[in-house]
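K.L.:
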Amino acid sequence: MTAPPDPIRRFVEATNEGDTAAFLDTFTADALLSDWGRTFNGRAEIARWNQSDNIGVQSHLSIVRVAAVDDTYQVRIAVKGNGFNGEGDMTFTLDGELISSLVIT
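Quick note: the sequence shown, position 86, residue 86 per the UniProt record's numbering, numbers continuous.
1. Mind checking which residues open and close the beta strand (DSSP E) that includes Ser-101?
2. Starting from the Cα of Asn-54, find the closest Cα among Thr-2, Ala-3, Ile-104 and give me that residue.
3. Is Glu-97 near Asp-6, with beta carbons less than 8 Å apart?
4. Please specify which runs of the beta strand (DSSP E), each continuous and at least 3 residues long, are wholly inside the segment 35-103, giving them in chain order.
5. Which value, in whole angstroms, describes the spacing of the CA atoms of Gln-58 and Val-69?
6. Can the beta-carbon of Phe-11 be found closer than 8 Å to that of Ile-99?
7. Pairs of beta-carbons, one from the segment 42-54 and one from the segment 13-31, closer than 8 Å: are there three or more?
8. Please classify Trp-36: is it buried, with 16 or more other beta-carbons within 10 angstroms of its beta-carbon, or exposed?
Structure (structure tokens):
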């Protein structure tokens, strides 16, 4: 398995620690997050998603596998918590040390 790059590792750690500020700091200011077709643009909208679908429902994430193609990473994630439970795919696009796009399918 490819090791997750630092921004993805910090995304998972912040979620698991329930640290909203650290979670939001993993994204660029104008980042895009798409969760099964629901689109959130920028940190303010991502913060709302985080409250309703991630830290706000006590999600705990575990990385199952990572595959890299240039600055895009296909990550299989196992989720436990008071919301979605199971595995899903997250496609991260990075801009340096930050996440510029996250597509959840």
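Even for Gly, the Cβ is constructed at its ideal location relative to N, Cα and C.
P.N.:
Reading it off the structure:
1. 98-104
2. Ile-104
3. yes
4. 38-41, 60-69, 72-80, 86-95
5. 30 Å
6. yes
7. yes
8. exposed
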